[in-house]
Amino acid sequence: MAFVPLTKSEEKMMQFLWEQDKPLSVTEMLALLDDKAWTKNYTRDIVRSLKLKGALVLCGLVHSHTNFAQQFTPGLTKEEYYAGLAKHNGVSVSSMFRAEAAAMVKTGQKQEVDELIKELEGMIEEFRARDDDSE
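Right under this line is the structure:
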């Protein structure tokens, strides 16, 4: 998926939706949002914009009063968005891993470094297995 640039409000909405981890309608979003300054129309505009960008996808309908409301779910994960943002800004994934590992070593977080190494090794094995399957 190509990088999807988000405005501050759109990013705030995505953060909220990633935290909820379930499909929501605009009405449900408004009921759960901490930011009471967002009106129903403003929230609908943000949702519409995120849908057009592919950051939100329609995933169902829920009965609401006398009609049906659309429910949305993120079209990309938090990790995908921030990895794309970093890449868009010229930061490579490998440089992020190096920086994270260096910070862990500097602060004496040996266990966290070991966990990062194991996670990377697992990712490499998974990649190699997929690569072997495609041949």
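Here the working numbering = 1-based position in the sequence shown + 55.
Cβ atoms here follow ideal geometry from the backbone N, Cα and C, with glycine treated the same way.
- Taken in chain order, the unbroken stretches of alpha helix (DSSP H) that lie wholly in the segment 73-159 and span 4 residues or more are 81-87, 95-108, 133-143.
- Contact check for residue 140 and residue 71: beta-carbon distance about 17 Å, past the 8 Å limit, so the pair fails to qualify.
- Three or more beta-carbon pairs drawn from the segment 68-84 and the segment 93-101 are found closer than 8 Å, and the two stretches are therefore classed as touching.
- Residue burial is scored here from C-beta neighbours: residue 129 has at least 16 other C-beta atoms within 10 angstroms and is therefore classed as buried.
- In the assembly as shown, residue 92 is an exposed residue. Its beta-carbon has fewer than 16 other beta-carbons within 10 Å.
- By the beta-carbon neighbour count (other beta carbons within 10 angstroms, threshold 16), residue 81 is buried.
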